[in-house]
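In case it helps, my numbering puts the sequence shown at residues 5 to 115. Here a beta-carbon is modelled for each residue, glycine too, at the ideal position from N, C-alpha and C. So the structure is just underneath, and the comments pick up after that.
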Amino acid sequence: QKYLENAWGDVTRAILFSSLFFAAIHFNPFWMIQIYFLGVLLGYLAWKTNSIIPCIVFHVIINATSLLFTSMGDSIESVLLWHGHMNPVLLIIGGGLFWYGLNQLKPEQGV
């Protein structure tokens with residue numbers, strides 16, 4: 005993403021393009037839209053913090069949570085899924101918490 009930012013001079017395009025690549029390399033067409041938006045959030049986090057470390061931590065948390073919920077069986081699906089996709093209420097709550105966390109960063113931590 006940093007290379008694209010420098011080459012194109014446009015942070016937004018760099019984040020959107022790298023998010024598309026992020027979604028494609030997960031090889032899951034059914035979840036591609038959700039993965040793409042997660043890539044946008046992670047790209048923004050990388051740009052805001054000028055580091056990929058928070059993105060790696062966030063990705064590990066997401067994968068660990070997914071693994072935990074998968075091991076809980078079908079009973080948890082009614083809460084997590086809505087028509088085969090992530091429950092929009094959970095996405096809104098998660099997005100709000102993510103936004104709150106980004107706003108807690110001190111200006112010297114961001115770009």
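- Looking at the DSSP output, Trp86 sits in a beta bridge with His89.
- Remark: fewer than three beta-carbon pairs, one from each stretch, lie closer than 8 Å, so the region 7-20 and the region 59-66 are not flagged as touching.
- By the criterion of a C-beta distance shorter than 8 Å, Ala28 is surrounded in its chain by Met36, once the five residues flanking it on both sides are discounted.
- Residue state for Leu109 is assigned as coil, using DSSP reduced to three classes.
- Remark: C-beta atoms of Gly43 and Ser70 do not approach each other more closely than 8 Å.
- About 20 Å separates the beta carbons of Leu24 and Phe102, which is beyond the 8 Å limit, so they are not a contact pair.
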